[in-house]
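This report refers to the structure that appears directly beneath it.
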């Protein structure tokens with residue numbers, strides 16, 4: 416049967432509109448049940464703190480619970496693998512950190528390619544780390560710590576949340592630039608109790624995880640890893656004041672399985688950027704030393720690719736190896 420031209424054009428136009436209508440319907444109905452925010456670190460660690468802040472805001476904004484699920488281990492690769500294998504429907508998200516960008520170089524035999532297999536959803540914020548020591552350590556400045564560590568080779572340990580994580584890489588970078596030898600102790604769980612007890616001497620930790628412990632005198636801050644001093648810790652010098660050229664920063668964001676519908680990614684991106692513009696949340700993030708970095712999904716994807724390349728150069732130049 417031959418259709419009249421006008422009827423044919425109307426049908427063709429209607430057919431072309433169906434995918435767009437489908438995308439709109441998908442975005443409007445999402446989320447219709449609780450969403451998992453999977454975090455590759457133990458409860459109480461900085462990524463967990465940020466994930467819980469964002470999850471609470473997204474729950475209120477989108478009308479469904481965003482539930483934080485901690486899957487520590489393997490330098491957050493366990494959590495990443497769980498999201499890579501999840502159904503791409505927006506109900507399994509990943510709290511992304513700079514460690515994910517580092518792992519691409521640090522681990523040679525991962526079962527996934529982070530850039531290829533995780534869809535970039537939204538940036539959350541950039542965060543500086545701080546070098547903190549147990550009060551039992553006699554050093555009160557970075558130069559004093561370097562002298563102390565060189566006088567006690569093989570006896571000064573630094574902890575991290577796993578080999579290849581940012582605390583490990585930032586500490587290894589410090590060693591390579593100062594010539595000191597620190598014993599790396601990777602933890603699967605929380606490392607703060609051992610630091611507070613003096614069983615470990617130093618860590619390079621996100622400010623969000625340590626700021627209150629520093630303020631109460633339970634830990635001593637020697638330097639922030641940013642290029643300049645920070646408003647949240649104005650009396651703490653930058654590492655570059657003692658180790659020229661040292662600079663290391665972390666960041667947080669949200670990822671999803673590849674092939675997650677663009678409409679869902681866009682909706683999550685819009686909601687996240689809305690959270691970062693909220694004065695109350697911005698103030699809370701500032702207290703934790705986090706600077707909001709709202710981005711489109713495309714810009715966040717490019718940011719991750721650039722960070723992967725940057726840290727690949729650092730890891731190779733410093734010859735940092737898996738242990």
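In the numbering used here, the protein residues as written are 416 to 738.
All residues carry an ideal CB built from backbone N, CA and C; glycine is no exception.
Nothing here was measured: the structure is a model prediction, and the numbers come from that model.
(request) Kindly indicate which residue of 654, 725, 511 has the alpha-carbon position closest to the one of residue 592. (result) 654
(message) Judging by CA-CA distance, which residue of 518, 488, 450 is the nearest neighbour of residue 724?
(response) 518
(message) What residue range does the alpha helix (DSSP H) around residue 710 cover?
(response) Premise fails: residue 710 is in no alpha helix (DSSP H) and is neither H nor E.
(request) Could you tell me the distance, in whole angstroms, from the CA atom of residue 436 to the CA atom of residue 583? (result) Here residue 436 scores only 45 on pLDDT, less than 50, and its place in the model should not be relied on; the value that follows carries that caveat. Roughly 48 Å separates the two Cα atoms.
(message) Assuming the contact rule is C-beta atoms closer than 8 Å, residue 631 and residue 664 should be a hit. Round their C-beta distance to whole Å, please.
(response) With 8 Å as the limit, residue 631 and residue 664 do not qualify as a contact, their Cβ atoms being about 25 Å apart.
(request) Ignore the nearest five residues each way along the sequence and tell me which others in residue 617's own chain have a CB closer than 6 Å to its CB. (result) 548, 573
(message) Taking 8 Å as the cut-off, does the segment 521-534 touch the segment 617-629 (at least 3 CB pairs, one atom from each stretch)?
(response) no
(message) Assuming residue 645 is part of the beta strand (DSSP E), what are its boundary residues?
(response) Unbroken run through residue 645: none, as it is neither H nor E.
(request) Give a yes or no on contact between the segment 452-471 and the segment 698-708, applying the rule of three or more CB pairs nearer than 8 Å. (result) yes
(message) So residue 455 and residue 491 are supposed to be a Cβ contact under 8 Å. How far apart are they, rounded?
(response) 3 Å
(message) Using the three-state DSSP reduction, which class does residue 698 fall into: helix, strand or coil?
(response) helix
(message) Just to confirm the assignment, what range does the beta strand (DSSP E) spanning residue 620 have?
(response) 617-621
(request) Buried or exposed for residue 443, please, with buried defined as at least 16 other CB atoms from any protein chain shown within 10 angstroms of its CB. (result) exposed
(request) Return helix, strand or coil for residue 603, following the three-state DSSP convention. (result) coil
(request) Would you identify the three-state DSSP class for residue 436, choosing helix, strand or coil? (result) Note that residue 436 has pLDDT 45, beneath the 50 cutoff, so the model's placement of it is unreliable and the number below is only indicative. Of the three classes helix, strand and coil, the one that applies to residue 436 here is helix, per DSSP.
(request) With distances taken Cα to Cα, identify the nearest neighbour of residue 595 among 504, 533, 570, 721. (result) 570
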